[in-house]
Amino acid sequence: MDHTTHLLDSDSAVADTVGNIPSQASSSSRRRVHLKDPNLYLMGRRRKLELTLELTFDLRRVANFSIIRRMNDAWKRHKSRLNKKYIKGKDLAKVKATPPPFVPKKVWVEFLDMCNSYAFQAQSKKNTKNRNKVKAPCTTGRNSMVVVCHNLVMERNVPDEDVGRADVFIKAHTRADKTYQFPKIIEKLQENMNLYPDSNKIGHDDVLGKQKQSNLNREYKLNGGPEGIVAYGIVADVSPDAYCHNKQLGDGYYMIEIFNVINEDALLFRQDSFTKTMGDVGTGGFVAWSKSFIIFTSRFLLLFFGKD
């Protein structure tokens with residue numbers, strides 16, 4: 678179910694997601710003001726959304742232009758999904774008669790008219806033409822090299838270090854019909870991998886291996902997301918073969934020795950019948966924490982509490 682919001686016109690970059698359901702008491706006394714410039718109304722709605730985000734999330738370390746750009750991109754993608762799902766290739770009269778859930782019919786008709794306008798259709802054809810010219814799919818909004826590498830790790834059930842750059846390049850440039858975008862380059866890569874198998878492997882002296890070892894015996898803060906700092910600890914082991922609470926760490930987890938518990942009610946990444954919260958572990962205990970949520974800041978490592 679699409680929770681589509683108001684302001685589906687082409688000029689608005691961010692949907693109105695805040696304060697669009699006033700109470701009866703306030704709505705009865707509220708006066709409708711007709712603005713000469715509709716952009717002033719849109720700017721006010723956008724500012725209200727920005728204030729709500731600032732109150733909900735800690736955005737002090739994020740540049741404002743980055744937030745606005747991401748919001749605009751997300752809104753553009755949402756409008757594109759609406760066009761593909763409800764409008765493209767369908768009878769316009771039937772589509773107008775059945776708006777999606779939570780969308781007023783008047784707003785939905787305006788959105789349909791915008792999607793069927795000459796300017797919108799011309800821009801859509803231009804974007805499709807430009808996209809077909811691009812050779813590398815990882816640069817056009819599809820899976821990035823990092824995502825491709827992660828998918829290979831999950832498919833093969835191997836550590837990150839065992840997936841080489843050549844494997845990622847070949848996978849990223851393989852079409853759905855199993856043909857290659859650059860046959861000559863990939864043929865050369867495969868030939869080189871057959872002649873020199875070790876060239877595609879990441880050795881123990883590689884930067885990734887060194888990074889793991891450098892994390893040992895360092896003090897870290899365990900962040901519980903909205904709960905703040907939940908504990909302090911020291912990385913005791915980074916080997917996937919190490920055991921923590923009778924279970925192997927596996928790739929993607931570090932074993933951390935807790936020396937100061939801040940929030941005893943914070944839930945653990947991995948729970949069993951005896952340990953479910955940070956209080957169950959206690960000072961001197963060990964926990965397995967996902968390295969996927971690791972963010973380095975100067976001398977500390979923030980482990981953001983959540984699920985993989």
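In this text, residue positions in the sequence shown follow my numbering: the first is 678, and each later residue adds one. Even glycine gets a Cβ: it sits at the ideal position worked out from N, Cα and C. Computed from a predicted structure; not experimentally measured.
Across the structure, residue 750 and residue 942 are spaced so that their CA atoms are roughly 38 Å apart.
Between residue 936 and residue 911 the beta-carbon gap is near 7 Å, inside 8 Å, which marks them as a contact. By the neighbour-count definition (other C-beta atoms within 10 Å, threshold 16), residue 788 is a buried residue. Residue environment for residue 931: buried (at least 16 other C-beta atoms within 10 angstroms of its C-beta). Around the beta carbon of residue 759, 16 or more other beta carbons lie within 10 angstroms, which makes this residue buried. Proximity of the stretch 821-836 to the stretch 801-812 falls short of the contact definition, fewer than three beta-carbon pairs being nearer than 8 Å. Sequence-distant Cβ neighbours of residue 908 in its own chain, meaning closer than 6 Å and more than five residues away, are 899, 935, 938, 939, 955. Under the criterion of beta carbons closer than 8 Å, residue 877 and residue 841 qualify as touching, at roughly 3 Å. Taking every protein chain shown into account, the CB of residue 862 has fewer than 16 other CB atoms within 10 angstroms, so this residue is exposed. The stretch 924-952 is shown to contain whole beta strand (DSSP E) runs of 3 or more residues at 930-938, in chain order.
Taking 4 residues as the minimum length, the alpha helix (DSSP H) runs contained wholly in the stretch 785-813 are 795-810, in order along the chain. In this structure, the CA atom of residue 959 is about 24 Å from the CA atom of residue 918. With respect to the 8 Å criterion, residue 967 and residue 929 are classified as neighbours on the basis of their beta carbons. Linking residue 957 to residue 949 through their CA atoms gives a straight-line distance of about 11 Å. In the DSSP assignment, the residues bridged to residue 912 are 933.
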